[in-house]
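In this note's numbering, the protein residues as written are 302 to 397.
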């Protein structure tokens, strides 16, 4: 019974110390990271979605329903290629 109380008090002390010291140790962690603003799921979805919509619209005007499907596929592919290009060009410019 006494051993259990000692272990419990030591663990509570360690938890309290970690909660107190955690904000002090983490102050510069955000400043050290550089984030690529051109990457991200939201930007990727936006770029691919816009490409798909433009491709579907152009294909629909040219070839009807079948043309819209083909154009949507081509537009999605083009949007994906554009997104990858933007991510890589940012990485090349920001290299140290």
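C-beta: ideal position from N, C-alpha, C; glycine also.
Quick check: the Cα distance between residue 308 and residue 395, rounded to an integer number of angstroms?
By one-based count along the chain shown, residue 308 stands at place 7. By one-based count along the chain shown, residue 395 stands at place 94. For residue 308 and residue 395, the distance between alpha carbons rounds to 50 angstroms.
Given a cut-off of 9 angstroms, decide if residue 352 and residue 368 are closer than it, judged by their beta-carbon atoms.
As a working mapping, residue 368 is identified with position 67 in the chain shown. As a working mapping, residue 352 is identified with position 51 in the chain shown. No. Outside cutoff.
If you measure between the beta carbons of residue 374 and residue 364, is that distance less than 9 angstroms?
Sequence index remark: in the chain shown, residue 374 carries index 73 (1-based). Sequence index remark: in the chain shown, residue 364 carries index 63 (1-based). Cβ atoms of residue 374 and residue 364: not closer than 9 angstroms.
From the DSSP output, in three-state form, read off residue 392 for me.
Position 91 of the chain shown, counted from the first residue, corresponds to residue 392. Helix, per DSSP.
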